[in-house]
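Q:
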Amino acid sequence: MNLEKFSYDNQIVKLFIIATVVWGIVGMTVGLLIALQMYLPALNFDLQYISFGRMRPLHTNAVIFAFVGNGIFAGVYYSLQRLTKARMFSDLLSKINFWLWQLVIVAVAVTYTLGITTSKEYAEAEWPIDIMIAVAWIAFGVNMIGTLIKRREKHMYVAIWFYIATFVTITVLHVVNSLEVPVSLFKSYPVFAGVQDALVQWWYGHNAVAFFLTTPYLGLMYYFLPKAANRPVYSYRLSIIHFWSLIFLYIWAGPHHLLYSALPDWAQSLGTVFSIMLIAPSWGGMLNGLLTIRGVWDKVRDNPVLKFYVVAVTAYGMSTFEGPMLSLKNINALAHFTDWIPAHVHIGTLGWNGLLTFGMLYWLVPKMWNTELFSKKLATTHFWIATLGMIVWVVPMYWAGLTQALMWKEFTPLGVLQYPNFLETVLQIVPMYVIRSIGGALYLTGACVMVYNLYKTARQGSFVANEGAAAPALEGIGGDSKKTHRWLEKRPIQFALASTVAISIGGLVEFIPTWLVKSNIPTIENVKPYTPLELEGRDLYIRESCNSCHTQMVRPFRSETERYGEYSKAGEFVYDHPHLWGSKRTGPDLHRIGGKYSNMWHYLHMQNPRTMSPGSLMPSYPWIIEQQLDTEYTSAKINVMRMIGVPYEEGYENQAVNDLQIQAQEIADDLLDSGILVESDKEIIALIAYLQRLGTDIQVKQAENK
Amino acid sequence: MFSQNLSSIDGVSIFPIIGLVLFFVMFSGILFWVLKKDKSYMDNLASIPLQDNNEIEFNDESKNEK
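Sequence order for the protein chains is A and B.
If you're matching positions, the first sequence starts at 2 in the working numbering and goes up one per residue.
If you're matching positions, the second sequence starts at 24 in the working numbering and goes up one per residue.
1) Please confirm if Gly480 of chain A has its CB atom under 7 angstroms from at least one CB of chain B.
2) Are the Cβ atoms of Ser80 of chain A and Tyr224 of chain A separated by less than 7 angstroms?
3) Give the secondary structure of Gln629 of chain A by DSSP, where H, G and I count as helix, E and B as strand, and everything else as coil.
4) Residues of chain B with a CB under 7 angstroms from the CB of Ile242 of chain A: which are they?
5) What in chain B is Cβ-close to His156 of chain A, meaning under 7 angstroms?
6) So what's Leu560 of chain A in DSSP terms, helix, strand or just coil?
7) How many angstroms separate the CA atom of Asp577 of chain A from the CA atom of Asp303 of chain A?
8) In angstroms with no decimal places, state the Cα-to-Cα distance between Phe338 of chain A and Pro620 of chain A.
9) Could you check what DSSP says for Phe7 of chain A in three-state terms: helix, strand or coil?
10) Please determine, among A:Ala690, A:Asn640, A:Met29, A:Ile699, the residue with the shortest C-alpha to C-alpha distance to Pro183 of chain A.
11) Check the DSSP bridge columns for Glu468 of chain A and list the partner residues they point to.
12) Where DSSP assigns a beta bridge to Leu418 of chain A, which residues make up the other side?
13) Short check: CB of Ala36 of chain A to CB of Ser681 of chain A, under 7 angstroms?
14) Could you name the residues of chain D that Phe50 of chain B contacts, counting a contact when the two beta carbons are closer than 7 angstroms?
15) Rounded to the nearest angstrom, what separates Val23 of chain A and Glu561 of chain A at their Cα positions?
16) Going by C-alpha to C-alpha distance, which of A:Phe141, A:Asn609, A:Thr501, A:Asp266 sits closest to Phe17 of chain A?
17) Which of helix, strand or coil does DSSP assign to Phe574 of chain A?
18) Mind listing the chain B neighbours of Val234 of chain A? Cutoff is C-beta to C-beta under 7 angstroms, in chain order.
19) Which same chain residues end up closer than 8 angstroms to Asp83 of chain B when comparing Cβ atoms and leaving out the 5 residues on each side of it in sequence?
20) Could you tell me the alpha carbon to alpha carbon distance between Tyr218 of chain A and Leu673 of chain A, rounded to whole angstroms?
21) Report the three-state DSSP secondary structure of Lys597 of chain A (helix, strand or coil).
22) Kindly indicate if chain A contains any beta-carbon less than 7 angstroms away from that of Phe46 of chain B.
23) Can you tell me whether DSSP reads Lys330 of chain A as helix, strand or coil?
24) Does Pro648 of chain A get closer than 7 angstroms to chain B when you measure Cβ to Cβ?
25) From the DSSP output, which residues share a beta bridge with Val182 of chain A?
26) What separation, rounded to the nearest whole angstrom, lies between the Cα atoms of Asp131 of chain A and Met607 of chain A?
27) For Ala406 of chain A versus Ile430 of chain A, is the C-beta distance shorter than 7 angstroms?
28) Can a CB atom of chain A be found closer than 7 angstroms to the CB of Lys86 of chain B?
29) Could you name the residues of chain B that Phe249 of chain A contacts, counting a contact when the two beta carbons are closer than 7 angstroms?
30) Could you spell out the range, first to last residue, of the alpha helix (DSSP H) harbouring Lys96 of chain A?
31) How is Pro589 of chain A classed by DSSP in three states: helix, strand or coil?
32) DSSP beta-bridge partners for Pro473 of chain A?
33) Given this structure, state the Cα-to-Cα distance separating His486 of chain A from Glu5 of chain A, to the nearest angstrom.
34) Determine the burial state of Asp92 of chain A: buried for a count of at least 16 other Cβ atoms within 10 Å of its Cβ, exposed for fewer.
35) Please state the DSSP three-state secondary structure of Lys683 of chain A.
36) Between the Cα of Phe46 of chain A and the Cα atoms of A:Gly646, A:Val274, A:Leu630, A:Leu618, which residue gives the shortest distance?
This is the structure we're talking about:
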């Protein structure tokens, strides 16, 4: 029996706790801002840096990667040390992980407000930031595996499995989804186009939810819930089955984000089947969490930490039941692109991630500062405000989503659309947007109450940066120590490999046929690469994140072909690096917008949408009217596009800017004919060129066939 | 509709089947392994987070390893 003395690194946990709280408040505040902007367009202040399109990705990234991300690190750095009875492998790596992660967050905030974005949801950061994320993440992974190798506890508790799976999978997802070719320091194009890009994006997007918002938090649940309830998890057997089924199944489910899109049918069906199967492990995990509290339910009455956990785990159960339901094609047809989806997402984020984080913080801070919670009453108040806020947030959004979906699909007895004007369906749900913002404000208020409570708690306690501990060395236990130890050393690595295999199978089975299909997507003869001006216009569309509110995917429903025109075909997107299908229709679909309105209409509409569509909620874009189009990288863009498979002729890059100017002049002349004097080198010209091109390629073909 | 895109690939339908079979095999394997292990072993694992550093308990593995 050889007791070793060592110390736990609490300093790093403290740093992550502070970051979690600070970024949480920031992320939620931006969320409240965009919730208000959705019905008060004046709050965009006609200022490009805070317009909705740029703020929305900032909100999602801030709450996912800054709030939840730091929450994960705080919880993992605390629990991993205790579960392995060892200090973190390297203090330096811990620090690199922390500071680089914060740098990434600041860089993301700055670049998004400047309009530097890849437009890929939840991965909008440009390539230099992608590299920083990778370095910070690897530092985390190496630190974790290093700690596991030098651990003093023979067994790896189930929470650690979830941490390892998180590390491995996010690494794979991040790398594959970030395969892009740089044009400049702040601009790149993804190597995948159209259908493939969409598939990769949603394989990433879905699994970012799975392996960033779910698995690490399940790990935290398996540690902090038994701690708070002071009893072991209900069934360890169930947790093993939960883990393997979950990580194996989750990875397949990505395509359910693309139902009724131009994605091949078999992949859509695969996404649906595996999504339904996911209910089993998800609910296994939820029940395992809730049943852990069996016999001590009386504690929930006066323990705010357990209150948070109970509602968090219940929200997880609701969300993971709803997810598979939404992946059924008939329900998806109704809910997709509507406010139903943000409601579904916010059950997960506000309920599961938010409340679990709050519960964890209320438990951790008194523990680490060696004191009692400053005010139990305030914590309980926070619990009720947060729960109420969540309900006030989601209920009106379910209502809004359903209402709007039904209005989109409503036909008159004569067989024409009941609400042909899209705006009418938006204005109908504005009251719901108002109520939602109240819910968000409540939730934010609760978080502020928590900040005060935690601050007071820390003030009254005394923090110990290095908590002393002692545990027997692992070598002394059982049998041939050398051999055992070597075998153990390998285990975390073997474990990581096994997880990689489990998650790769799903990814590969999904991808191989899609890669094979590349040459098989029926190339539509008339689909041609964008002209240089259209390409620049498309990049403006990306810069302003128009895809936050507008889809480019007409689904094959009569209600959509009536409203927008011919449904979208896979072959139409072969030159779209990246795809801009979008995921939410706050405004109408734009895939068939080309040629629908005059250049003048677009000009005036961008200047102030309310002149052309009274009551419109879209922000005004005066800066696009005023700013000069930057053509510095136009030829570089052509080069990169050719490198990734767009058939621009060799040498075209030299001619591109010239062609661009000719086309711009044509549009400027046309605008002049309509009485609008605008120089041809303004950004608006490029944007109009792109919008007028959208979805028109196949129209040419139809016209020719007639 | 778009499955026609794939009909030109030989045996594309095999991919979803491979997926299902793999999952079934893996799931059965884990279920078998989990049920085989005895209860005290599982209880010992489940109690890991509750062994706090100030009340050190030794991992008495010899009792549970069979």
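By construction, the Cβ of each residue, glycine as well, lies at the ideal position given by its N, Cα and C atoms.
Since we're looking at a predicted model, the values are computed, not measured.
A: Reading it off the structure:
1) Any reading at Gly480 of chain A must be qualified, since the residue scores a pLDDT of 44, below 50, and its modelled position is unreliable; the value itself is stated next. Not an interface residue.
2) yes
3) strand
4) Ile53, Leu54, Val57
5) Chain B residues near His156 of chain A: Leu68, Ile71.
6) For clarity, residue 560 of chain A is Ser in the given sequence; the question names Leu instead. Three-state result, Ser560 of chain A: helix.
7) When rounded, the distance between both Cα atoms is 56 angstroms.
8) 20 angstroms
9) strand
10) A:Asn640
11) In DSSP, Glu468 of chain A forms a bridge with A:Tyr9.
12) A:Phe412
13) no
14) Here chain D cannot be found, since the structure's protein chains are A and B.
15) 43 angstroms
16) Measuring from the Cα of Phe17 of chain A, the nearest candidate turns out to be A:Phe141.
17) helix
18) Ala69
19) Only weak support is given to the placement of Asp83 of chain B: the predicted model assigns it a pLDDT of 37, under 50, and the value that follows is read from those uncertain coordinates. If the five residues before and after Asp83 of chain B are omitted, its C-beta is found closer than 8 angstroms to no C-beta atom of its own chain.
20) Cα to Cα, Tyr218 of chain A sits roughly 58 angstroms from Leu673 of chain A.
21) If DSSP states are grouped into helix, strand and coil, Lys597 of chain A belongs with coil.
22) yes
23) In the structure shown, Lys330 of chain A sits in a helix (DSSP, three-state: H, G or I).
24) no
25) A:Tyr190
26) 32 angstroms
27) No, these two residues do not count as a Cβ contact at 7 angstroms.
28) Confidence at Lys86 of chain B is low in this model, with a pLDDT of 36, below 50, so its placement is unreliable and the value that follows should be read with caution. No, Lys86 of chain B lies away from the interface with chain A (no Cβ there is under 7 angstroms from its Cβ).
29) Phe46, Met49
30) 92 to 114
31) Pro589 of chain A falls in the coil class under three-state DSSP.
32) Residue pairing by DSSP places Pro473 of chain A opposite A:Leu4 in a beta bridge.
33) Interpretation of His486 of chain A is limited by its pLDDT of 49, a score under 50 that renders its predicted location unreliable; the figure taken from the coordinates is listed afterwards. Those two C-alpha atoms are separated by around 16 angstroms.
34) exposed
35) strand
36) A:Leu618
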